[in-house]
RNA sequence: GAGGUUGUAGCUCAGUUGGUUAGAGCACUGGUUUGUGGUGCCGGGGGUCGUGGGUUCGAGCCCCAUCAGCCUCCCCA
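Numbering (my numbering), first residue to last: 488 to 940.
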């Protein structure tokens, strides 16, 4: 017998946790559906030809590869062993676990281009796997929760995503959050203006850490990446940007007016902001943040990030616009914009702030005590009628001691117990015990159903 | 990939300068008028001290290796 253990970086979700996770996922699903994003699921495993080369060299290392079935080593020859794992891999593995939801989505769009209604809006909530080293808040199996719209570059989509994010967090009960928006074109413009044209991705990686490591460390990092002191001096204007959105936009216009791409980014951001306000959305928790960069290199337009303000945790959602999502699969010029919600982090935030509503617990509401064979028999029609009325009910499946049955109800957090022995069967009036208060009432079935509904 | 830290009961952890049969709390289980739990009282089961070597008369404790968890950096969600 071997000791039971979990595979590294994986978790069980016990029923009590699942109830809470389902509340989050269901809330998100409902909002996605309301905005016209319909669910898509793709397989856990994809051909390695789909996955490899999409996430950089490091990404390929982090892919979980699946060994071929049967005699997976049959094609290996001595020469392969000498050349090492790179030579052997394609001979022993042709499939891998998906690393994110974006690449499988791109594959799906490219494969089904003739059947889909464009612009195509999809939501996708599934686990992904990474052979990363686990640490706090990072797992080898975790859920991604994405919504994207592809096949249009309308800025209405950006505005709708902001609206949607707003609704998700409001419905979850997270009141104090901030949606930050920026535009990659503005960052490109900044790179241009400070004389570091074409180096915006390095610039982004550094700037993205601003609120984490501070201004001086960012400057240090830029120097290490061979930005000149002239570059950095020209960048100083970035640190004095006003917070007020209108003031911020005109400050940027002034700073970047000689950069075509920068001006375009400002115009886009302005339009998104304008659209959001036309939706009538209270703008207090939307902030323009020109230092928001996000590490991912494929963003080309708007960038979003959501932070929970009452909890010391990173962002709980992020996303942006990307061009040419499906180009690698032979379908060029498809622009899209999407958002990804961090379910695990949202869970932590809600747990810390005690935001899970009691009714989200999905629990059995009443346990019928099983005394003896007569009592068990009398319970069956009652059980059915409770369930027919939508009440989650269960009968203890054995004729056990009351203590044992009460302990069961307590442990499972079942709020009511129905006591039904020979006396009750005769009278047709049953003992409904409230497990929290300890009080007990004698009621008919109809009265019990009424109480529990 | 680099660094740090911790592995003792199902869980959280004590365990002295190395010295008899390794402890506690919680959990589990039985009893406490066999139709009333969660807060009482009494009892019980459960550990080759992560694994493999080494030092020693003697190792949970010291040394080496290895595996695993946790944390930081890189990167990411």
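All C-beta atoms, glycine included, are put in the ideal place defined by N, C-alpha and C.
The beta-carbon distance between residue 678 and residue 669, rounded to whole angstroms, is 14 Å. This is too long to meet the 8 Å contact definition. Approximately 7 Å separates the beta-carbon atoms of residue 497 and residue 626; this is inside 8 Å, confirming the contact.
Listed in chain order, the non-local C-beta contacts of residue 725 below 7 Å within the same chain comprise 677, 777 and 778, local neighbours out to five positions each way being set aside. In terms of CA proximity to residue 713, 689 leads the group 898, 874, 689 and 514. Residue 524 is classed as buried because its beta carbon has at least 16 other beta carbons within 10 Å across all chains shown.
Scanning the stretch 512-587 for uninterrupted beta strand (DSSP E) segments of 3 residues or longer gives 532-534, 552-554 and 580-584, listed from N- to C-terminal end. Within its own chain, the residues whose Cβ lies closer than 6 Å to the Cβ of residue 549, once the five positions on either side in sequence are excluded, are 617, 618 and 619, listed in chain order. For residue 582 against residue 533, the beta-carbon gap comes to about 7 Å, under 8 Å, which counts as contact. Membership of residue 914 in any beta strand (DSSP E) is not indicated; the residue belongs instead to the alpha helix (DSSP H) covering 909-914. Residue 814 holds the alpha-carbon nearest to the alpha-carbon of residue 593 among 814, 850 and 929. Contact annotation: residue 886 and residue 929 have beta-carbon atoms that are not nearer than 8 Å. Around the beta carbon of residue 766, fewer than 16 other beta carbons lie within 10 angstroms, which makes this residue exposed. Leaving aside the five residues that flank residue 863 on each side, the residues in its chain whose CB is nearer than 8 Å to its CB run, in chain order, 857, 882 and 886. For residue 855, the uninterrupted beta strand (DSSP E) segment begins and ends at 853-855. Taking one beta carbon from each stretch, the stretch 794-804 and the stretch 594-601 have fewer than 3 pairs nearer than 8 Å; the two do not touch. Boundaries of the beta strand (DSSP E) harbouring residue 792: 786-795, taken from the DSSP string. If you ignore the 5 residues before and after residue 666, its C-beta comes within less than 8 Å of the C-beta of 649, 652, 653, 772, 773, 774, 791, 792 and 793, all in its own chain and listed in chain order.
Taking the Cα of residue 896 as reference, the smallest distance to any Cα among 921, 841 and 833 is reached at 921.
Looking only at 722, 686, 551 and 717, the smallest Cα-Cα distance to residue 702 is reached by 722. Along the stretch 838-890, the alpha helix (DSSP H) occurs as fully enclosed runs of 4 or more residues at 860-875, listed in sequence order. Going by DSSP, residue 722 is part of the alpha helix (DSSP H) stretching over 716-722.
With a 10 Å radius around the Cβ and a threshold of 16 neighbouring Cβ atoms, residue 927 comes out exposed. Three or more Cβ pairs closer than 8 Å define a contact, and the stretch 630-639 meets that threshold against the stretch 815-823.
Note that the C-beta distance between residue 609 and residue 788 is not below 8 Å. By the Cβ-count criterion, residue 879 is exposed, with fewer than 16 other Cβ atoms from all chains shown falling within 10 Å of its own Cβ.
When the Cα atoms are used, residue 749 and residue 812 turn out to be separated by approximately 22 Å. The shortest CA-to-CA distance from residue 632 to any of 587, 675 and 599 is the one to 587. Non-local C-beta neighbours of residue 740 in its own chain, meaning closer than 8 Å and more than five positions away in sequence, comprise 750 and 753, ordered along the chain. Excluding five sequence positions before and after residue 847, the CB atoms of its chain that fall closer than 7 Å to its own CB belong to 506, 507 and 510, given in chain order.
DSSP places residue 607 within a strand segment (E or B) once states are collapsed to three. In the three-state scheme derived from DSSP, where H, G and I count as helix and E and B as strand, residue 730 is classed as coil. Assignment of residue 691 by DSSP, reduced to helix, strand and coil, places it in the helix class.
Distance between residue 916 and residue 877, taken at the CA atoms: about 21 Å. Per DSSP, reduced to three states, the secondary structure at residue 614 is strand. Look at the stretch 792-824 and you find these whole runs of beta strand (DSSP E), each 3 residues long or longer: 802-809. For residue 746, the CB contacts under 6 Å within the same chain, skipping 5 residues up- and downstream, are 676, 679 and 680 in chain order.
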